[in-house]
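Residue numbers (our numbering): 13 to 247. Positions of the beta carbon are idealized from the N, C-alpha and C atoms, including for glycine. Owing to the predicted nature of the structure, the values given are computational and were not obtained by experimental measurement. Inspection log for the structure reproduced underneath, given as structure tokens.
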Amino acid sequence: MRSRGSARALRCAAGGRALASQARTVSIYTPQTFAARDGTVIARLVRDHPFATLITPGDPEPFISHLPLELAADRGPHGMLLGHMARANSHWRHFGNGASVAVFHGPHAYVSPSWYVDPATAVPTWNYAVAHVHGLAAPMRDQTETRALLDRLVRRYEAGRAQPWQLQLGGRPLEALLGAIVGFRLHIERVDTKLKFSQNRSAEDRDRVIAALRGEDHPEATATAAWMESYARDG
13 MRSRGSARAL RCAAGGRALA SQARTVSIYT PQTFAARDGT VIARLVRDHP FATLITPGDP
73 EPFISHLPLE LAADRGPHGM LLGHMARANS HWRHFGNGAS VAVFHGPHAY VSPSWYVDPA
133 TAVPTWNYAV AHVHGLAAPM RDQTETRALL DRLVRRYEAG RAQPWQLQLG GRPLEALLGA
193 IVGFRLHIER VDTKLKFSQN RSAEDRDRVI AALRGEDHPE ATATAAWMES YARDG
């Protein structure tokens, strides 16, 4: 995938128009067989698995935080990721060190060679989906924007509950909350995606893997099977 092309594909897919990914050298080892074919899948991965690992260059070690991130596909040339962290976390103070990368882990599962038509000629492997979203991060300077992000997160994660909780703080309690956190934006510049779903096996082997994963009776295996099935059907 081209650096800007893949990011643009993600943005357009989120808006209902998928653009095909294009081959490029990426920071994650990705044989072409396992490269995402369009931005729709990338957007789905980011939205369905929002708890990400955010990595920013540091000296002597990188800064790493684990936090939920929101895709704002309609903001900026290629979309943005929005998030927040504790003000006491010094990570945000180093956003100016260089481009950050947010790693989104999708479903994953062990694949036994015993599931293939000819298990004697195969070895165990692991199927998984992952997206690396690269870009420059910057703190939000306006607390109104941070408050809007909190409202957005609450609406998303409280949706569908019998009694959805609402952020109703005001006055000093709200000021204290906003003073204790830092909202930030990551301006998307590049997206590297790897979807390893047995594409290097025959259609029969893939079907057998999907069936076996469903039979594992484990949420992660079931989710991996569902992704394999939908990706084989829709791309």
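His103 beta carbon less than 8 angstroms from that of Thr158: no
Inter-residue CB distance, Arg197 and Leu79 (contact presumed, cutoff 8 angstroms): Not really, about 14 angstroms apart at Cβ, beyond 8 angstroms.
Straight-line gap, Arg56 to Gln155 (C-alpha atoms, nearest Å): If you draw a straight line from the Cα of Arg56 to the Cα of Gln155, it is about 29 angstroms long.
Own chain, CB closer than 6 angstroms to Leu148, minus 5 neighbours either side, in chain order: Ala111, His199, listed in sequence order.
Inside the region 179-232 only - beta strand (DSSP E) runs reaching at least 3 residues: Counting only runs of at least 3 residues, the region 179-232 fully encloses the following beta strand (DSSP E) elements, listed from N- to C-terminal order: 193-208.
Residues that Gly95 bridges to, as DSSP identifies them: Phe196
Cβ-Cβ distance between Leu81 and Ala100 below 8 angstroms: no
Any 3 or more C-beta pairs closer than 8 angstroms across the region 117-124 and the region 210-229: The region 117-124 is in contact with the region 210-229.
C-alpha distance - Ala114 paired with His146, whole-angstrom precision: Here the alpha carbon of Ala114 sits roughly 7 angstroms from the alpha carbon of His146.
Span of the alpha helix (DSSP H) around Leu162: 155-170
At least 3 beta-carbon pairs within less than 8 angstroms: the region 135-144 vs the region 202-213: yes
Residue-chain proximity (His146, chain B), Cβ-Cβ < 8 angstroms: Absent here is chain B; the protein component of the structure consists of one chain.
With 16 other Cβ atoms within 10 Å as the buried cut-off, status of Val135: exposed
Residues near Ala98 in its chain [Cβ-Cβ closer than 8 angstroms; skip 5 each side]: Ala192, Ile193, Val194
3 or more residues per run - each beta strand (DSSP E) lying fully within the region 57-139: With a minimum length of 3 residues, the continuous beta strand (DSSP E) runs that stay inside the region 57-139 are 63-68, 75-80, 82-84, 92-98, 112-123.
Backbone secondary structure at Ala143 - three-state DSSP: Three-state DSSP puts Ala143 in a strand.
Residue(s) in a DSSP beta bridge with Ala174: None; Ala174 has no bridge partner.
Contact check, His61 vs Gly108, beta carbons under 8 angstroms: no
Nearest neighbour of Arg66, chosen from Ala48, Thr42, Tyr41, Ala150 [CA to CA]: Rather than Arg, the amino acid found at residue 66 in this sequence is Leu. The shortest Cα separation from Leu66 among Ala48, Thr42, Tyr41, Ala150 belongs to Ala150.
Residue(s) in a DSSP beta bridge with Pro151: Phe196
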